[in-house]
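Once you know that position 245 of the sequence shown is 245 in the UniProt record's numbering, the rest is easy, because the numbers rise by one and skip nothing.
Positions of the beta carbon are idealized from the N, C-alpha and C atoms, including for glycine.
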Amino acid sequence: MKRRVIGIETEYGLTCATRSGARATHDADAAAHLLFVPFAQGGRAPNLYLRNGGRLYLDVGAHPEYATAECDTLLDLLAQHRCGDELLNQLNDAARSSLSRLPDPEEIYLFRNNVDSAGNSFGCHENYLLHRRRDFRQVADGLVAFFVTRLILVGAGHLRRQGTQLHYCFSQRAEQMWEAVSSATTRTRPIINTRDEPLADAGQYRRLHVISGDTNVCEATTFLKVGMTALVLDAVEEGMDLKDLELADPMMAIRQINHDLSGQTKIAMVSGPDLSAVEIQERILQRVIDVLKIERTSDSLEPTTHAIIDLWQRGIHALRSQDWSGIDHELDFAIKYRLIREYLKRKQTTLDDPRVARLLLSYHDIGPHGLRQGLERTGAMRRMTTDEQVKNACVSAPQTTRAHLRSKVINAAEEAGVELALDWVRASRIDDPNRYVLMNDPFATSSLAVEEFISSLGSPHEVFPA
1 MKRRVIGIET
11 EYGLTCATRS
21 GARATHDADA
31 AAHLLFVPFA
41 QGGRAPNLYL
51 RNGGRLYLDV
61 GAHPEYATAE
71 CDTLLDLLAQ
81 HRCGDELLNQ
91 LNDAARSSLS
101 RLPDPEEIYL
111 FRNNVDSAGN
121 SFGCHENYLL
131 HRRRDFRQVA
141 DGLVAFFVTR
151 LILVGAGHLR
161 RQGTQLHYCF
171 SQRAEQMWEA
181 VSSATTRTRP
191 IINTRDEPLA
201 DAGQYRRLHV
211 ISGDTNVCEA
221 TTFLKVGMTA
231 LVLDAVEEGM
241 DLKDLELADP
251 MMAIRQINHD
261 LSGQTKIAMV
271 SGPDLSAVEI
281 QERILQRVID
291 VLKIERTSDS
301 LEPTTHAIID
311 LWQRGIHALR
321 SQDWSGIDHE
331 LDFAIKYRLI
341 REYLKRKQTT
351 LDDPRVARLL
361 LSYHDIGPHG
371 LRQGLERTGA
381 MRRMTTDEQV
391 KNACVSAPQT
401 TRAHLRSKVI
411 NAAEEAGVEL
421 ALDWVRASRI
431 DDPNRYVLMN
441 DPFATSSLAV
451 EEFISSLGSP
461 HEVFPA
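Below you can see the structure in the form of structure tokens.
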């Protein structure tokens, strides 16, 4: 797999409930702001770039959002991604002390999911750095079939109501997509956002911003989601052509595919015979293997690439055979489906039992009430990070990307007592905005300009030549 800067932005679901079951005094907006009180007390807005290179903030709709630092390995990304849960749990611990003192104690619950009980949607956005090319729009259009059909492998699973009936489907997010490719993000919710905001040197790079994916709970599913996408991008940059896999109606297709757990429903194509989601994924996988000259039997095959291809193939085989037992500890939709089936059998009940809805919500709960830790501990959900790796990711930035430089600047400013205005590419002093440093190279891990800026932080009267 090529070296590529990647990152994930996760919007968390949130609710506040009383122990008695009565209506909570804190609605979602009030609860979200309560979480960020520790930062507000320090005079800071709920929008922070952190020592680990990531960003934690309140998004539109009172959704806490965590964006990972720039990563160039999947292990760094998984640890950074999980760090968001740890940071929000720490904030929730602080909020819990005040909520527990209410006459009717309340508690905030945080979820890694994409839709609430009212049907409101919130996202998980993936970011992939690409070299700038004139045919970016054509590349984006060509990737639509991949992203539409990818959900049969990396969907988080969803219990969907249709009339009076409940049906299990692959994805929570699929029903919220209304356009294939667009520069908008909220009004039309495209699969791929084409707004030209590279967060890097615009002369060299573009950023592929994917907003159609589910927020995964199982680390192995996130590993496959990002890994398979990175390999597809590698192959596209090596000349892989997907034009013959253009979908006639991507928005109809994503819904048809989402509702068919067999993955075999035929989807209309612009040209050629109709194909199923499984067939499209098989063709894309084989082209990736051919274009990148991946030999699974070769001892020289990079381990990460081998692991991605292996899980990708096993996922497709599970859908082909309709035997999910080989993936029901690695892919969210299959793990969740197994839990539902076991629960229905054990309780002798049906899908419309309210306890089933609570079970599914617990699957996404990142706190102590959630199912993930227990499932991981028993091997029922594959974990790929360790507690120590996540702990380190919460305090240290990846050492092989620009995040390392941003972390150094933040650490130095905090030690010097200097407040900074930050974004992904720039750091400036709040007391003197003309003193700033740019970090346009997402791969850079050393910079004379950054070192000079850091040195200037201890000398408030020194003029720094920006």
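Rounded to whole angstroms, the gap between the alpha carbons of E86 and S182 is 33 Å.
CA-CA distance, M252 to R137, rounds to 21 Å.
Sixteen is the threshold: since fewer than 16 other Cβ atoms of the shown chains lie within 10 Å of the Cβ of N434, the residue is exposed. Counting along the chain, the unbroken alpha helix (DSSP H) around A416 starts and ends at A403 to A416. As computed with DSSP, S121 is found in a beta bridge with V115. Around the Cβ of P198, a 10 Å sphere holds 16 or more other Cβ atoms; the residue is buried.
Between M240 and R287, the gap from beta carbon to beta carbon is short of 8 Å. Scanning its chain for C-beta atoms nearer than 8 Å, with the 5 sequence neighbours on each side dropped, one finds around L166 the residues L159, R160, L351 and D352, in chain order.
Shown here, K266 sits in a strand according to DSSP, grouped into three states.
Take the alpha-carbon of L74 and the one of A22: they are about 43 Å apart.
Under the three-state reduction of DSSP output, N434 falls in the strand class. Boundaries for G7: no alpha helix (DSSP H) harbours it, while the beta strand (DSSP E) harbouring it runs I6 to E11, taken from the DSSP string. Nearest to N258 by alpha-carbon distance, out of T385, A403, V144 and G157, is G157. At least 8 Å separates the beta-carbon of N89 from that of L35. A Cβ-Cβ contact shorter than 8 Å links I6 with L77.
Between R358 and V217, the CB-CB gap reaches or exceeds 8 Å. Residue environment: A421 is assigned as exposed (fewer than 16 neighbouring CB atoms within 10 Å of its CB, all protein chains considered).
Burial is judged here by how many other beta carbons sit within 10 angstroms of a residue's own beta carbon; A248 has fewer than 16 and is exposed.
The beta-bridge partner set that DSSP reports for Y168 consists of L159. C-alpha of P354 to C-alpha of G119: approximately 17 Å in a straight line. Here K2 is near D234, since their CB atoms are less than 8 Å apart.
Every beta strand (DSSP E) of 3 residues or more that sits fully in the segment 52 to 115 is shown, in chain order, as 55 to 59, 63 to 67 and 106 to 111.
Around E11, the same chain offers D59, H63, E65, F122 and G123 as residues with beta carbons nearer than 6 Å, after the five sequence neighbours per side are excluded.
Listed in chain order, the non-local C-beta contacts of L285 below 6 Å within the same chain comprise W312, local neighbours out to five positions each way being set aside.
L331 and A24 have their C-alpha atoms some 35 Å from each other. Note on geometry: alpha-carbon atoms of D29 and R426 lie some 30 Å from one another. In the same chain as C71, and ignoring 5 residues on each side of it, the C-beta atoms closer than 8 Å to its own belong to V5, I6, G7, L77, Q80, P398, T401 and A403, in chain order.
Taking C-alpha positions only, D290 is separated from G315 by approximately 19 Å. The continuous stretches of alpha helix (DSSP H) do not include I191, which lies in the beta strand (DSSP E) extending over residues P190 to N193.
Scanning its chain for C-beta atoms nearer than 6 Å, with the 5 sequence neighbours on each side dropped, one finds around A413 the residues L420 and L457, in chain order.
Around the beta carbon of D244, a 10 Å sphere encloses fewer than 16 other beta carbons of the protein chains shown; the residue is thus reported as exposed. Distance from R82 to T385 at the Cβ level is roughly 6 Å; contact confirmed, criterion being Cβ atoms closer than 8 Å. Nearest in C-alpha terms to G155, of all of D214, S117 and L110, is D214. CA-to-CA, the gap between E219 and E376 works out to about 10 Å. In summary, A184 is exposed, with fewer than 16 beta-carbon neighbours lying within 10 Å of its beta-carbon over all protein chains present.
Between the alpha carbons of H33 and P46 lies a distance of about 8 Å.
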